[in-house]
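Enquirer:
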Ligand SMILES: NC(=O)c1ccc[n+]([C@@H]2O[C@H](COP(=O)([O-])OP(=O)(O)OC[C@H]3O[C@@H](n4cnc5c(N)ncnc54)[C@H](OP(=O)(O)O)[C@@H]3O)[C@@H](O)[C@H]2O)c1
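In the working numbering, the protein residues as written are 541 to 807.
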């Protein structure tokens with residue numbers, strides 16, 4: 541398949557109110573003049589982003605306030621999005637984590653994590669895939685997963701499990717639709733300097749080479765989607781860590797990760 545042409549197309553971005561989602565939205569608007577459907581719970585932030593991008597980049601933005609842990613809201617996002625314009629790109633980026641021992645994660649919070657990181661992603665892929673295939677425009681879906689989907693990560697157990705689900709699901713589904721003019725990309729970053737890490741004790745890694753800056757991460761993500769990569773891990777250090785992890789026993793990987801996280805999280 542040819543690369544995606546994002547210019548002047550409608551692209552939906554979930555989790556556009558902060559971090560990686562917001563930065564991808566900014567780069568799509570400024571560099572590609574993509575029109576955007578911005579999804580998250582914090583509408584004040586989405587409205588401010590819409591005003592900024594429409595003024596500065598001259599694109600059209602549509603805000604959808606939705607709690608993606610709610611199945612009703614997830615279905616509404618799809619219905620509202622396809623009524624806005626011809627959706628060409630879908631970036632499923634919204635996500636939450638829990639840092640710390642799994643047994644300390646409240647059950648309701650675990651269910652919320654699963655609903656946001658897994659169920660909403662699979663539901664939106666199940667709705668948008670047939671839609672994009674019917675459109676025959678060569679569109680694409682990108683799922684923002686994590687390196688945690690490829691490794692055991694003590695003290696982020698539920699998160700690592702949820703991301704492993706979406707990585708495996710997306711790569712499997714990519715193969716199912718590959719002859720139907722639709723690409724599915726999994727983007728799997730290591731640590732990024734965003735609210736997710738800043739709000740946690742992983743601040744420990746701030747200003748180290750273990751946290752990628754959000755601008756370069758967003759740019760890598762857009763390139764991965766545009767060039768229809770199957771699975772892309774940004775950053776040479778991340779890719780080196782992944783290579784190393786494949787050469788040693790998995791228990792050793794879990795043990796090394798545990799040591800690093802223990803120091804960072806003070807658990
Ligand atoms: N930061 C990292 O180190 C890192 C590493 C690897 C992968 N990732 C992945 O990158 C993606 C973006 O995370 P980030 O680092 O940019 O974190 P972030 O700054 O905390 O952004 C998370 C985004 O998800 C949205 N969101 C969370 N729960 C939601 C819900 N129930 N309904 C709707 N939107 C919801 C938030 O919006 P509202 O709060 O306004 O709803 C926010 O826009 C996530 O999938 C994350 O797992 C992050």
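Glycine residues also receive a C-beta, built at the ideal position from the N, C-alpha and C atoms. Computed from a predicted model, the values in this text were never measured in an experiment.
Reducing DSSP to helix, strand and coil, say where residue 602 ends up.
Expert: Residue 602 sits at position 62 when you count from the first residue of the chain shown. Looking at residue 602 - three-state DSSP - the assignment turns out to be strand.
Enquirer: So residue 623 packs on residue 552, CB below 8 Å; how close in whole Å?
Expert: By one-based count along the chain shown, residue 623 stands at place 83. By one-based count along the chain shown, residue 552 stands at place 12. Rounded, the Cβ-Cβ distance is 12 Å, inconsistent with contact.
Enquirer: Pull up the distance between the alpha-carbon of residue 581 and that of residue 778, whole angstroms please.
Expert: Sequence index remark: in the chain shown, residue 581 carries index 41 (1-based). Sequence index remark: in the chain shown, residue 778 carries index 238 (1-based). Near 31 Å, if we compare the C-alpha coordinates of residue 778 and residue 581.
Enquirer: Closer than 7 Å to a non-hydrogen atom of ligand 1 - does that hold for the CB of residue 585?
Expert: Taking the chain shown and counting its residues from 1, the one referred to as residue 585 is at position 45. Yes - ligand 1 has a heavy atom lying nearer than 7 Å to the Cβ of residue 585.
Enquirer: Flag this pair as touching only if the segment 628-640 and the segment 560-577 have three or more C-beta atom pairs under 8 Å; answer yes or no.
Expert: The segment 628-640, when compared against the segment 560-577, does touch it at the 8 Å Cβ threshold.
Enquirer: How is residue 633 classed by DSSP in three states: helix, strand or coil?
Expert: Stepping through the chain shown from its first residue, residue 633 is reached at position 93. In this structure, residue 633 counts as coil in the three-state DSSP scheme.
Enquirer: Could you give the distance in angstroms between the alpha-carbon of residue 556 and the alpha-carbon of residue 660?
Expert: The residue labelled residue 556 in the question sits at position 16 within the chain shown. The residue labelled residue 660 in the question sits at position 120 within the chain shown. For residue 556 and residue 660, the distance between alpha carbons rounds to 15 Å.
Enquirer: Taking its Cβ as the centre, do 16 or more other Cβ atoms sit within 10 Å of residue 727, making it buried, or is it exposed?
Expert: Stepping through the chain shown from its first residue, residue 727 is reached at position 187. Residue 727 is buried by the Cβ-count criterion.
Enquirer: So the alpha helix (DSSP H) residue 652 belongs to, where does it begin and stop?
Expert: By 1-based counting over the chain shown, the position of residue 652 is 112. Residue 652 -> alpha helix (DSSP H) spans 647-654.
Enquirer: Going by CA-CA distance only, name the one from 694, 758 and 674 that's closest to residue 720.
Expert: In the chain shown, the residue the question calls residue 720 occupies position 180. Closest by alpha carbon: 674.
Enquirer: What is the rounded straight-line gap between the Cα of residue 668 and the Cα of residue 806?
Expert: Numbered from 1 along the chain shown, position 128 holds the residue referred to as residue 668. Numbered from 1 along the chain shown, position 266 holds the residue referred to as residue 806. Each residue's Cα considered, the two are about 42 Å apart.
Enquirer: At a cut of 8 Å, does the segment 768-776 reach the segment 724-738 through at least three beta carbon pairs?
Expert: Enough Cβ pairs lie closer than 8 Å, so yes.
Enquirer: Just to confirm before moving on: does the CB-CB distance between residue 638 and residue 588 stay below 8 Å?
Expert: Along the chain shown, one-based indexing puts residue 638 at 98. Along the chain shown, one-based indexing puts residue 588 at 48. Cβ distance not < 8 Å, so residue 638 and residue 588 don't count as in contact.
Enquirer: DSSP three-state label for residue 758, please.
Expert: In the chain shown, counting from the first residue as 1, residue 758 sits at position 218. If DSSP states are grouped into helix, strand and coil, residue 758 belongs with the helices.
Enquirer: Please report the distance separating the alpha-carbon of residue 546 from that of residue 704.
Expert: The count along the chain shown starts at 1 and reaches residue 546 at position 6. The count along the chain shown starts at 1 and reaches residue 704 at position 164. Rounded to the nearest angstrom, the two C-alpha atoms are 28 Å apart.
Enquirer: Using a threshold of 8 Å, state whether the C-beta atoms of residue 694 and residue 776 are closer than that.
Expert: On the chain shown, position 154 is the one that residue 694 refers to. On the chain shown, position 236 is the one that residue 776 refers to. No. Outside cutoff.
Enquirer: Output the distance between the C-alpha atoms of residue 548 and residue 685, rounded to the nearest integer angstrom.
Expert: Start at 1 with the first residue of the chain shown, and residue 548 comes out as number 8. Start at 1 with the first residue of the chain shown, and residue 685 comes out as number 145. Taking the straight line joining both Cα atoms gives about 26 Å.
Enquirer: Would you give the residue range spanned by the alpha helix (DSSP H) that residue 617 belongs to?
Expert: Locating residue 617 in the chain shown gives position 77, where the first residue counts as 1. That run of the alpha helix (DSSP H) goes 611-624.
Enquirer: Would you mind stating whether residue 730 and residue 544 have Cβ atoms separated by less than 8 Å?
Expert: Within the chain shown, numbered from 1, the residue matching residue 730 stands at position 190. Within the chain shown, numbered from 1, the residue matching residue 544 stands at position 4. Not a contact, by the Cβ cut-off of 8 Å.
Enquirer: Could you check whether residue 677 and residue 628 sit closer than 8 Å to each other, using their CB atoms as the reference points?
Expert: Taking the first residue of the chain shown as 1, we reach residue 628 at position 88. Taking the first residue of the chain shown as 1, we reach residue 677 at position 137. For residue 628 and residue 677, yes; Cβs fall inside 8 Å.
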